[in-house]
Structure formats: structure tokens, C-alpha cells
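Going by the working numbering, the letters in the first sequence line up with residues 242 to 1064, in that order.
The beta-carbon is built from N, C-alpha and C at its ideal position, and this holds for glycine as well.
One structure is given here, and the rest of the page talks about it.
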Amino acid sequence: MSPRYDFAAMEAKWRPRWREAGLYSTPCEPDRPKLYCLDFFPYPSGSGLSVGHGKNYVPTDVVCRKRRLEGYNVLHPMGWDAFGQPAEEYAIRVHQHPAVTTARNAANYRRQMDVFELSYDWSREVFSSDPAYYRWTQWFFLLLFKRGLAYQDVHPQWWCPRCRIVLSNEQASSGQCWRCETELTRKQLKQWYFKITGYADRLLEGLDRVVWPEGIKAMQRNWIGKSEGARIVFTVVDVHGRQHDLPVFTTRIDTIYGATFCVVAPEHPVVEIATTADQDAAVRSYVAQAVKKTDTERKAADDREKTGVFTGAYAINPFNQEGIPLFVADYVLPDYGTGAIMAVPAHDRRDFAFARRYTLPIREVISPDGVVHGDLDHASEEPGVLVNSGPFSGLESHEAMQRMGVYAEHEGFGCLTTDYRIHDWLISRQRYWGAPIPIVHCPSCGAVPVPEEQLPVHLPDLVDFEPDESGRSPLARCEEWVRTPCPSCGGPAARETDTMDGFACSSWYFLRFASPGYSEGPVDPEALAYWLPVDLYVGGAEHAVMHLLYARFWTKVMYDAGLVDFDEPFTVLKNQGMMLGEDGRKMSKSLGNVVTPDQMAQRYGADALRLFLLFIGPFETDVAWQESGIAGVHRFLKRVWSLVVESADDGVPGPEPYDEHARDLAYHVHKTIRKVSLDIDNFEFNTAVAALMEFLNYLYSLRERRTALGSTWGFAIESLVRLLSPMTPFISEELWEYMGRSGSVHRQAWPKWDEDALVRAMTLVMVQVNGKIRDKLQVPAGASQEEVVAQALLLPTVARYMGGALPARVVYVQDRLLSLVSA
RNA sequence: GCGAGAGUGGCGGAACUUGGUAGACGCGCUGGACUUAGGAUCCAGUCCCUCACGGGGUAGGGGUUCGAGUCCCCUCUCUCGCACCA
């Protein structure tokens, strides 16, 4: 009586044996190639893993397992993005200390990852909230500080009233809190920044050298938002007759003679200075309501109507000394460029709309053909030939920009320059659960860095860690922690009470895995040199402009400091598609459509769960979960089980029979080895699984004749088990043992295909007449065109369509297709 | 508006790298076998029209070619990201 396919028993049997044998420990044998394959650093949430997480983790696990079998040294680690806002929000919600909830949630994640039997080397597990880890996060802060890349400044900040925390621009994208989607407000605060803007150009350039999805690169380019233009200083005269500079940024300096008014953002300081008495009331009320609006309201997509108010003041265009009215309007953004623009209604659609509404003059200065057309009914934004532009008339736009830039610089009222949309990275958080910023504020010495040998600055164990209404960090309430001598003068001083953004922790974690216990620095230089950079980095697209941009920035800083010899940390990046609920909507607790790995593994086994996650659809595509599908792959595994078991029960296979059937079988084995190998390398797991299913169906068709196929059958069965091993580790190992093979299937060499076995004796040639398939023909491989044509013409269908005539034209694709064209 | 990507059976998707049997593989469905039973297993079928011969078919329209899901042009639809960035 053959054993049944009992996945639960297999899992219970092999898990402890593999742990004991250290099956997933990281080998580091010289003379072997290496693979550093990393999954995104997860924040262990309280709700645990859903099957959707497996859509990311299982494919990378399969790649790692296959590479191990191919003799690679594979680094495949996992750790926890334990510090930061999400972990802290959770702790606040459940009224438990974040150290407790984080440890518990991480343990649960790890347990669930083990349900998937992911082959992480858990001896390298790291927590970003561990002092042995954040010591080096702080060390990196000091590195940035010393290099002039960390500074304090007062700016209006994005503030989430619900989370009671400031957010970086990246976290506040679209004016809402990245965590709770609350509408953000602005708050004027002194905060720490990292000078990521100084790396804008290099962050752009580096994108050309990495193998990342185009969409992610595009998002980063868009976020950095480089635009080349000019800064031109207009002059505004205030009510007292004093002159003030009003710099504007423009990408179209060639249109400057068409400027008929200027506009500043409601927040612009010149409003206060220059507004005339008779316009004062109108301006005040406009500014008040504009500033009150939320960011989304101000940028509301369906209401682009331009509004604004005349300040009563005039700005002088330095190119023609013309005084043009100065408006305040909220379509000009305070954060971009200088917060002030010259408005050229003839050649900018926004300015055009504004000019129409307030009946301001529209002056054409660019023409496609150098002829003045007058009376524009819309803004023409194309470059062209300058008209009405004083000495620059007649020049082509591109040349005019250069010449006018040079002229402005020579005259001292402007220059060509580049502006970026990206702002410096706001790093400080008024929160408890993060790495303390290693700075001491001294009344006499100012902001003093904590000396490296005093790191880490330990996070005190606060009972009361919730943020209050003060807008200060809970750490500020811990006086004994705050009070400290100044490292410089020894006098009484106070610690910085803000902690670092959680994204600081994840900006370097990929280094730590190379040598997780190292204490002389963030990473052992030897391990760094061997493992880094990350060869394959896999995770969701939601971190496109946060984590992925910050980590690239830190890496470039490390490179400049001589710490690493690469400046792009992630050579290849892939984004997995999202797993939706069975109802096609996003899996979420509130919708009640979450499917957990625990449920599925219990019902169908870890192998079926893994296999289905690979099979359900293309890696990068979003797909809806369907339980009937996992039942399908479970059925497949049962079929594998019974076929392999009965083959093993047959005993030692007979000698190789050199017949047609055995050759055909060998062909299919090698074809499958090839297909599965290449598909895994290309992240096409769904078709790799399909190929194995096809192969099994083929083997089933030979089932009755298997003993006659001798050792070729044994080879086919063995290959099936080995090809499955990275995808379905348990059944593969159990069958390997059942077949009486020694050692673990996970320590065998990955099968290789034999090109010679892929050459077929006979081949099927499609026969087309006048472009339509009419018949097919079995011919010996390598048959000549003449032979094939001769045979084809004898086919009754072909003869009928050819009408007995000889083909006027023949196209023959060797061994595949014959196309006959009648006259 | 800008950027990225996608439109193929009842469903998820193959074939797109290299133009050459469209619908692999799985789900679902239909019929049959075995069975006390079966949400177990096995076998057969399953793009549409047609009794058949045959014809049609990859969002729509043009084009290149002996031959187009695949290449080129135009249009439409959808998803994602950014969005008054001067």
C-alpha cells in the first residue's frame, strides 16, 4: 500500500531536520559566484502576513534556492523595520510599549514566513530598533552632519494633526498624511534636514545605470523635477519709494518681453511690503482665504480657475524697464522656484487664463515663422522665433535663451540656472519610537554632535511615550535624559529630543546584513566588499520616491566618504504585483477579504501555497486571489506524488532502451529542464509551473508503459522532483527520500539540459498556401526546401488550393514552415 | 495635461525575446468511468458561426509582408504615478 500525500506530516518531519542541518545558512565559499537577493525591509504590522506577502517573498525564495543549487553563495536575509511611525501608531493604538508590540509582531511575521518555508538565514536577523543597530544609524547621522549634509532650519512644515508629527515632503505627497490620509496643515518649526538636494543631479544620473522598472525611474525623475531656466530679478518699489528685488524663475526667458504682469504666491514676503493702501483690504482678505485652504483645495484638479488680486504695486522688467502690475494669486506655488513668476499670457496657458479673467494685456513675442499674428485665442507654448523683443527679435528661442541669460548675467540682474522640485529631506520627528538624533544643544557651543565613542545615544525606556499637544517629542518630558553635559565645553546642556524619521533606519540596512553582529562599524569592510551591492532587490512600488530615493542618497554619501565603492545600492529592482482579495478589491481587514497563509497552508500545505503564488499570474501583475486555484495546484501535487511513488515502487529501472519512445521522453525531460531554468531566471514563474504541469501530463500519458522506458523513465521522474525542489521544498525532499536517494534534494546540483537531446529526428512543417495554413507535414529534421516542396505539392489539400499549378513563390523556414504562393 | 504600463475565451493567463499551428497551463463548465457517497480520482470535451465543407476571430481603423496578437501610423478604453512645478 503506497503512502498517501500527507503534506502536514512531511512539513512536521522536515522542518526540524532542515533547521538542524542549517540548510539556509549563508555559505561563503571562495571561487563561487555570489548573489545578494533582498526583499524590502518590512515593518512588522500587527495584522500579520496575508497570502499577498507571499507574492513577493516566494518568488525571490525560489530564485535563491535555485542559485544555491547552481553553486552560488547566496545571501538571503530578513529583518525588521521596527522603528518609526507605523510601529509607533500601532503601539499607541493598543496602549502597549512599542518595544513589546514590535517584538511580538516581528515574531509573528517570522513564524508566518516559516509557514511559507522561506529560506532566510535567520542568524542574520536584525531589528532597526536594537541599540546595536541604531548606534550606526546615529553614526551615519554624524557622518552627514560632519559633511555639512545635516542642518537645522525653520520652515513651514507639513504637520499631521492626527498623528501629531511633521512629515517629509515625500511622506506628504498630495497634501495628505502617508499613514492616515488626514489633510495636512503647515506648521512653522525648527527642524533637522538632510541635504538631498545637493545630490539631485547624481540621483538623476544614477538612474541611467540601474536595471529598474521604467515606472519607478520615471517617478524618481519626476520627483526630483529638474528644470533648466533662468533667475531674473525684477524690481518692486514699495509705498515708501524703496526698491526691492523680486527674483523670478522661468524656463522661458525667451518670452520675457511678453511679460505683462507678475504674480507672487500669497505667502510671498513682498506682499506685505509692496501692497498699496487702497488694495490692502482686498489683498489681505485674499491672502487670508488662500492660506486657510488646504493643499488639496488649492490644487483641486477640477477647479483650476485662476483667482488673484492686484497689489497696487508694479514690478520693473529689467530687460525693457517696463513697469508691470504685480498680482498675488494662489496658482503660484510658494515652494517652487522663488514663489514669484513673470506672467507671459501669450505663451503660457495658466498666465493666459489669468490674463483673460482680469483683462490684462496679451503680447505675442514668439512666433512659429517670425511674423506677428496678433489676437491669440490660446497660449502658444511652442518655441519659435522672437518678435517684439527689442534687440533679441529674430532669434530662435533656444539661442535667445542662451544670449538673454548671458546678457542678464553681464548686466547683473540674473543668470541661467537650474531648479529642482525636490526639497531637502526633513529628518526630525517629534516622536518617541525612533533613533535619537545624536546632538546636544549647549547654550554656549550651540548644536554639538555627540562624540562617536559615546554612541549609541540610548532611547530611554519611557512608560508614557504618546505624543501630546505640545508638538514636542515625548522625550522632552524625560528630564533626566535630556539633561547632559556639553560634549564640547562640559557645561550644562540638553539633548536633542527629536528622533529620526524611520526612513533613516532603512537607508542603510542592506549593508548590515552582510555582517549583522559587527561592532567596529556599520559593516565589516570585508563582508561589504564581498556581498554588496544588492544584486536583486524586490518589493512593492509604494516606496518609489521614499525609501528608494533616500537609500540611494545615503549610498552616494557613503561613496563620497570612501566607505563603499559603489554609488547605487540596488543593481536590479523588481516590483511584484499586488494580491487582491477574491472580490477583486484590495485585501483589507475592514473589507473582510484577507486570506492568511496560515489558513491556506493548513488546508492545502505550504508547497501548494507556494506553488500557487508562483502560478497565479505574472510576477509584476496585480491578481485576485482565488481559492479554487490553489485547489488546482494541490491536485497537481497529489498527481506528482502518486506518479513518483508508484515509479519508486517499481524498483530499480531496467537498462536504457534505445528506442523512439525513450528518445521522445528524453527530449521532453530536457525541454522541461530548459524551460523551467530559463523561466525562473526571467521571473516568469507562472510559465515555469505550467511547463512542469505539461510535463506531468505527458508523463501520465506514458504511465502504463513506464517500465518499458527503463532508466529514461527514472531520469524523468528524478528530474521532475529536482525541478520542483525550489518551488515545493517539502514534497520534493520527501519524494527524494522515498526514491532512496541519499542526502537532501536541496543540496543537489541543479539539472542541466542537453542541447543534443533537444534535436528532434522528425519535425512538423506547417504548409501555407497564399498565406493561409492548409496542411502540415512530418519531415526529417534538416530536410531541404526542394524535398519539402515536393512532398507538400502531393498533399491533397495543397493540390486543391494550388489548382495544380507550380508555386510562383516559395518561402521556407527550416523545419518550421513552408509558404507557397500561387501565381 | 505629463509620465509609465496594459487591452487575447466564462475567468487567471500562454504565445510577444526571434512576425510563422492563437488560446499552452490552470480554474470553471459539459459528458462519461469508478463509487454507498464524494467538494476524491481517472478519461474525454470546451474561442465563435456551420450538419459538414468551410469561414471568422487577439479593443477599433488603416498600413508593411508570402504570412501580423507580435512591426508601423491613427483612434478608443482601462490601470498606476505626478499634477497650476512657471
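By Cβ distance below 6 Å, which residues in the same chain neighbour residue i in space, the five residues on each side in sequence not counted?
i	result
residue 813	452 and 777
residue 476	484 and 557
residue 527	550
residue 542	Residue placement at residue 542 is flagged as unreliable, the pLDDT there being 41, under the threshold of 50; a coordinate-derived value is accordingly withheld.
Residue i bridges to which residues according to DSSP?
i	result
residue 475	487
residue 670	740
residue 424	417
residue 555	566
residue 607	627
residue 409	The partner list for residue 409 (beta bridge, DSSP) is empty, contrary to what the question assumes.
residue 724	735
residue 344	Answer is none; residue 344 lacks a bridge partner.
residue 435	391 and 666
residue 336	Paired residue(s): none; residue 336 is not in a bridge.
residue 778	279 and 814
residue 321	368
The beta strand (DSSP E) that contains residue i, what's its start and end?
i	result
residue 1050	1050-1054
residue 1003	1003-1010
residue 704	No beta strand (DSSP E) contains residue 704, which DSSP labels as neither H nor E.
residue 1019	1013-1021
residue 660	655-660
Hey, could you find the ends of the alpha helix (DSSP H) residue i is sitting in?
i	result
residue 305	292-310
residue 648	638-652
residue 447	441-447
residue 374	372-387
residue 533	518-533
residue 514	510-515
Can you list, in chain order, the residues of its chain whose CB lies under 7 Å from that of residue i, leaving out five sequence neighbours each side?
i	result
residue 1002	1021 and 1022
residue 186	Any answer about residue 186 is impossible in this case: the structure gives the chain only from 242 up to 1064.
residue 435	385, 390, 391, 665, 666 and 668
residue 788	744 and 747
residue 682	688, 734, 735 and 737
residue 1052	1060
residue 989	310 and 963
residue 376	696 and 697
residue 333	707
Taking only three categories from DSSP, how would you classify residue i?
i	result
residue 879	helix
residue 547	coil
residue 577	coil
residue 688	strand
residue 367	coil
residue 787	coil
residue 403	coil
residue 866	coil
residue 948	helix
residue 467	coil
residue 262	helix
residue 911	helix
residue 981	coil
residue 282	coil
residue 462	helix
residue 923	coil
residue 797	helix
residue 1061	strand
Going straight from the alpha carbon of residue i to that of residue j, what length do you get?
i	j	result
residue 250	residue 360	20 Å
residue 281	residue 671	26 Å
residue 771	residue 276	10 Å
residue 585	residue 388	42 Å
residue 713	residue 328	19 Å
residue 395	residue 407	13 Å
residue 839	residue 356	7 Å
residue 606	residue 583	14 Å
residue 322	residue 424	26 Å
residue 730	residue 374	29 Å
residue 720	residue 397	28 Å
With a threshold of 8 Å on Cβ separation, who are the neighbours of residue i within its own chain once the five nearest residues in sequence on each side are excluded?
i	result
residue 1043	1010, 1034, 1061 and 1063
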